[in-house]
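K.L.:
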Amino acid sequence: MPRSRLGEALATIERLSLTHNLRVANVFHAGDGNLHPLILFNGRMAGELERAEALAGEIIQMCIALGGSVTGEHGIGMEKRQHMPAMFTATDLEVMAELRRALDPGEISNRGKMFPDGEALALGSHGVHPLERQGVISRE
Numbered sequence: 004m005p006r007s008r009l010g011e012a013l014a015t016i017e018r019l020s021l022t023h024n025l026r027v028a029n030v031f032h033a034g035d036g037n038l039h040p041l042i043l044f045n046g047r048m049a050g051e052l053e054r055a056e057a058l059a060g061e062i063i064q065m066c067i068a069l070g071g072s073v074t075g076e077h078g079i080g081m082e083k084r085q086h087m088p089a090m091f092t093a094t095d096l097e098v099m100a101e102l103r104r105a106l107d108p109g110e111i112s113n114r115g116k117m118f119p120d121g122e123a124l125a126l127g128s129h130g131v132h133p134l135e136r137q138g139v140i141s142r143e
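Mind the numbering: the sequence shown is residues 4 to 143 in this note's numbering, read in order.
Here it is in C-alpha cells:
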C-alpha cells in the first residue's frame, strides 16, 4: 500500500467492517505501507466465517485499487491467491508458474498454495481446529 494512501485505506477498512458487521484490528508497518488487518469473528456462529472471508477479499481488492499489492513480506498464501488475477495478467502468472517449475519441477514445495488455479486441500478444512476438538486448546 502506498504510504500516502494509508489514511484512505484505514477509513475504507472501517467502513467495510461496519458493512459486514465485523470488527477489524488494523496492524501495519506504517513505514513500508504493509497492512495486516485482523478480522475478528466467531467461527462457531453461522455465517461469520463467510462474512470474514468476504470482508478480507474486499480489503485486498481495495488495496489493489489504491495502488497496493496482494503480496507482503509473507508473499501469497492460500487466502490471497484467488486475488492474483486482479493484479497480474495471465502472462504474468504463467511466467511465475514457469519459474516455479524450473526451480521445483516436481512442484512439491507448498503444493497448491501459490497460484489461483492450484488445488490446496487445506482450503476445505474450515471449522474447529483438531487440537480444539481434542480438548488440548480452547479459544474461550
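Even glycine gets a Cβ: it sits at the ideal position worked out from N, Cα and C.
So, for E13: in the same chain, excluding its five sequence neighbours on each side, which residues have a beta-carbon less than 7 Å away from its beta-carbon?
P.N.:
Your numbering for residue 13 matches position 10 in the sequence shown. At residue 13 the sequence reads Leu, which differs from the Glu that was named. Excluding positions up to five away in sequence, the list reads N29.
K.L.:
Consult DSSP for L124 and reduce its assignment to one of helix, strand or coil.
P.N.:
As a first step, residue 124 must be located in the sequence shown, where it is residue number 121. Residue confidence for L124 is low, a pLDDT of 48 falling below 50, so the modelled location carries little weight and cannot support an answer.
K.L.:
Please determine if the stretch 58-70 and the stretch 81-91 are in contact, where contact requires at least 3 C-beta pairs separated by less than 8 Å.
P.N.:
Verdict: yes, contact present.
K.L.:
May I ask you to list the residues that DSSP assigns as paired with R26?
P.N.:
Mapped onto the sequence shown, residue 26 falls at position 23. Beta-bridge pairing links R26 to L43.
K.L.:
Within 8 Å, do at least three Cβ pairs link the stretch 17-27 to the stretch 37-55?
P.N.:
Yes: the two stretches touch, three or more of their Cβ pairs being nearer than 8 Å.
K.L.:
Going by DSSP in three states, L38 sits in which element: helix, strand or coil?
P.N.:
In the sequence shown, residue 38 corresponds to position 35, counting from 1. It is a strand residue.
K.L.:
Within 10 angstroms of the Cβ of L124, are there 16 or more other Cβ atoms? Answer buried if so, exposed if not.
P.N.:
Against the sequence shown, residue 124 aligns to sequence position 121. Only weak support is given to the placement of L124: the predicted model assigns it a pLDDT of 48, under 50, and the value that follows is read from those uncertain coordinates. Exposed, by the Cβ-count rule.
K.L.:
Assuming the contact rule is C-beta atoms closer than 8 Å, I62 and L19 should be a hit. Round their C-beta distance to whole Å, please.
P.N.:
Position 59 of the sequence shown holds residue 62. Position 16 of the sequence shown holds residue 19. Between L19 and I62 the Cβ distance is about 6 Å, and since that is below 8 Å, they are a contact.
K.L.:
Going by DSSP in three states, H86 sits in which element: helix, strand or coil?
P.N.:
Position 83 of the sequence shown, counting from 1, holds the residue named residue 86. In the structure shown, H86 sits in a helix (DSSP, three-state: H, G or I).
K.L.:
In angstroms with no decimal places, state the Cα-to-Cα distance between F118 and Q137.
P.N.:
As a first step, residue 118 is located in the sequence shown; it is residue number 115 there, counting from the start. As a first step, residue 137 is located in the sequence shown; it is residue number 134 there, counting from the start. F118 and Q137: Cα-Cα distance of roughly 33 Å.
K.L.:
Is it the case that the Cβ atoms of K116 and G60 are separated by a distance below 8 Å?
P.N.:
As a working note, residue 116 is residue 113 in the sequence shown. As a working note, residue 60 is residue 57 in the sequence shown. It is not a contact, given that the beta carbons lie outside the stated cut-off.
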